[in-house]
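A.B. asks: Numbering (numbering that gives the first Met the number 0), first residue to last: 0 to 273. Dumping the structure here so I can ask a few things about it.
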Amino acid sequence: MPELPEVEVLRRSLASHLPGARIESVDVHDVRLRERVDTRRLRAAATGRRILALERRAKYLLAHLEEERTLVLHLGMSGRVTVVPADAARLPHEHVAFTLDGGRRLRFVDPRRFGLVLALPTAGLGSDRHFASLGVEPLGDTFDGDYLRRRARGRRGPVKAFLMDAGIVVGVGNIYASEALFLAGIDPRRSVGRIGAERFERLAGAVRTVLARAIELGGTTLNDFVDGEGNPGEFQIALGVYDREGEPCIACGGPVRRIVQSGRSTYLCVRCQR
DNA sequence: CTTCGATCCTGAAGGC
DNA sequence: TGCCTTCAGGATCGAA
């Protein structure tokens, strides 16, 4: 469900509720996430501490706590994080819940259990295995066509897989990879070794444009994405190709095609993308 | 080193 | 109606 825009939208929506809140208790109802939840460690890190600030790194949501602790949340494919009244009924698949002061609860719901909830020392975040090998932020200063061109040197394989490689650039998942390549007019099957400087520049620009626009529109809600207050996004109405197989291309009117690359759907217009 | 495929898991949707 | 298959927005691991 969530790529960079969805996690960023979530972070922003929680930013008006969580900073300043104190975590009174932590309930773990099911430890079986992508990595087993370490309940004792989570409780030790969070209980009694206030949330200072929220940050996003790649598709991870980071809640920095007092005394150099950080909660790390990842939504996987189906995760939801919302703030609700503390006495709200527990939802199915509500695996972890943080009771906050002011009668509120931060709930983590994840039917498929590909998500992640853990606590780390703030100082060691960068060297933690989840973060150590991540590439650059696509909305940051160091991401541009020249960066892509340098990282593509000596690589083969289709450009779509390259774009989705978190060791290169983070946050671009299956939806926004298709969308950025459509906007850049590049065929997702094209080998990265056969893309020139000018097209890398266009691709970098397209990635930034698509992600920024998706954040503005509150993310993409195909199925179940909601922000921290339970509101769905609206970028799905602005999608150019994703999930539009057989429908007319918004640029040329030709049919949008669906292909499969490394086991995942890719959508493209073969007339507009070369 | 890269690159590909399989895998974790549940639920929704479509075909018959 | 029900049963079966396929597919889904992520990340990791082992094999080639």
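C-beta atoms are modelled at their ideal positions from N, C-alpha and C, and glycine is treated no differently. Note that the coordinates shown come from a computational prediction; the quantities given were computed from them, not determined experimentally.
(1) By how many angstroms is the C-alpha of Val158 removed from the C-alpha of Ala96?
(2) If you follow the alpha helix (DSSP H) that Asp145 is part of, which residue opens it and which one closes it?
(3) Pull up the distance between the alpha-carbon of Leu115 and that of Thr141, whole angstroms please.
(4) Under the rule that 16 or more other beta-carbon atoms within 10 Å means buried, what is Ser177, buried or exposed?
(5) For the beta strand (DSSP E) containing Leu41, name the first residue and the last one.
(6) Mapping the DSSP letters down to three states, classify Val225 as helix, strand or coil.
(7) With H, G and I counted as helix, E and B as strand and the rest as coil, what does DSSP make of Tyr175?
(8) Looking at the structure shown, is Val30 part of a helix, part of a strand, or coil, going by DSSP?
(9) Could you tell me which of Arg21, Gly252 and Arg56 sits nearest to His73, measuring between CA atoms?
(10) Quick one: any contact between the region 233–247 and the region 163–177, if contact means 3 or more CB pairs under 8 Å?
(11) Using the three-state DSSP reduction, which class does Gln272 fall into: helix, strand or coil?
(12) Using three-state DSSP, classify Arg10 as helix, strand or coil.
(13) Given 8 Å as the limit, is there contact between the region 79–87 and the region 7–20, that is, 3 or more CB pairs closer than that?
(14) How would you label Cys251, buried or exposed, when you count the other beta carbons within 10 angstroms and need 16 or more for buried?
(15) Under 7 Å between the Cβ atoms of Cys248 and Val259?
(16) Am I right that Ala205 and Ala183 are in contact with their C-beta atoms under 8 Å? What's the rounded C-beta distance?
(17) In this structure, how does DSSP classify Glu246 when only helix, strand and coil are distinguished?
(18) Grouping DSSP H, G and I as helix and E and B as strand, with all else coil, what is Ala122?
(19) Give the C-beta separation of Leu13 and Gly227 to the nearest angstrom, bearing in mind that I take them to be a contact with Cβ-Cβ under 8 Å.
(20) Would you kindly work out how many angstroms separate the C-alpha atoms of Tyr146 and Asp29, rounded to a whole number?
(21) Got a sec? Which residues, its chain only, sit under 6 Å from Arg150 by beta carbon, not counting five neighbours each side?
(22) If you count every other CB in all the chains shown that lies within 10 Å of the CB of Glu5, and 16 or more means buried, which is it?
(23) Quick one: measure Cβ to Cβ for Gly144 and Phe199, integer angstroms, because I've assumed they're closer than 8 Å.
(24) In this structure, does DSSP put Val240 in helix, strand or coil?
(25) Determine the contact status of His92 and Asp109, defining contact as a CB-CB distance below 7 Å.
(26) How is Arg193 classed by DSSP in three states: helix, strand or coil?
(27) Expressed to the nearest angstrom, what Euclidean distance is found between the alpha-carbon atoms of Val25 and Leu41?
(28) Please report the distance separating the alpha-carbon of Thr219 from that of Val225.
(29) Between which residues of its own chain and Gly134 is the CB-CB distance below 8 Å, once the five residues before and five after are set aside?
C.D. replies: Straight from the coordinates:
(1) If I take the Cα positions, the gap works out to 40 Å.
(2) Gly144 to Ala151
(3) 28 Å
(4) buried
(5) Not the beta strand (DSSP E): Leu41 falls in the alpha helix (DSSP H), residues Thr38 to Ala45.
(6) coil
(7) helix
(8) coil
(9) Arg56
(10) A contact between stretches requires three or more CB pairs, one per stretch, nearer than 8 Å, and the region 233–247 meets this requirement with the region 163–177.
(11) The answer is coil: DSSP assigns Gln272 none of H, G, I, E or B.
(12) Here DSSP, grouped into helix, strand and coil, assigns Arg10 to helix.
(13) yes
(14) exposed
(15) no
(16) 4 Å
(17) coil
(18) In this structure, DSSP gives Ala122 a helical state, which the three-state scheme calls helix.
(19) 4 Å
(20) 42 Å
(21) Ile167
(22) Per the 10 Å Cβ criterion, buried.
(23) 4 Å
(24) Correct three-state label for Val240: coil.
(25) yes
(26) Annotated three-state conformation of Arg193 is helix, per DSSP.
(27) Each residue's alpha carbon lies about 8 Å from the other.
(28) 9 Å
(29) Answer for Gly134: Arg150, Asp164, Ala165, Gly166, Ile167, Val168 and Val169, listed in chain order.
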